[in-house]
Amino acid sequence: MKNETFYVAGFWRFQKMVLLISVFIMIAAIMTIDASLLPIHWNIYGEADQFANKYVALGFWPIIIFALMGMMVLIPKLEKRKENLKQSKKATSYALGGVTLLIFMLQIVAVFLALGLLESMGHWLIAGFSILILVMGN
């Protein structure tokens, strides 16, 4: 069975487009940002508490999106009840698409933080998760 039967039409095109834009943002940010260490983790107050070099800090966002896409290819192959997966393809597509957009949004916010255009990750993280829950709830 083809993997496209488990996701709504245009889902893979959307995922590939987000991954491609994410890679371009990573490359542009690596060339633009001078700092050697960038935040990779934020505490509950939205303050950075762990740091990594800029290649790791900017590179893991596209890697996470790529890994999520790999997981989306594997799930239909491992799932024994393929009919159930086909029946929930709309919900699965929206949920995974929402997670991808959340990761993409966090990448953009992290780049803006590194450039000094934003001060805190906290509000953006709360807004992103709220929108994700809203999408997944519907």
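Numbering (the numbering used here), first residue to last: 113 to 250.
Cβ coordinates follow ideal geometry from the N, Cα and C atoms, glycine included.
- Taken through DSSP and simplified to helix, strand or coil, N196 comes out as helix.
- Between V120 and K201 a beta carbon distance of about 6 Å is seen, short of the 8 Å cut, so the two are scored as contacting.
- I145 sits in coil when the DSSP states are folded into three classes, being neither helix nor strand.
- For F118, there is no enclosing alpha helix (DSSP H), since its DSSP letter is neither H nor E.
- Collapsing the DSSP output to three states places L208 in a helix.
- The segment 221-235 and the segment 182-199 do not touch, with fewer than 3 CB-CB distances between them shorter than 8 Å.
- Inter-residue distance for W124 and L218 is about 21 Å (C-alpha atoms, whole angstroms).
- Taking the CA atoms as reference points, G209 sits about 27 Å from E159.
- Going by C-alpha positions, G234 is about 10 Å away from G240.
- By a beta-carbon distance limit of 8 Å, K192 does not contact T117. Their separation comes to about 16 Å.
- For V247, same chain residues with a beta-carbon under 7 Å away, outside a window of 5 residues either side, are Y206, G210 in chain order.
- L214 is not a Cβ neighbour of L237, given a cutoff of 7 Å.
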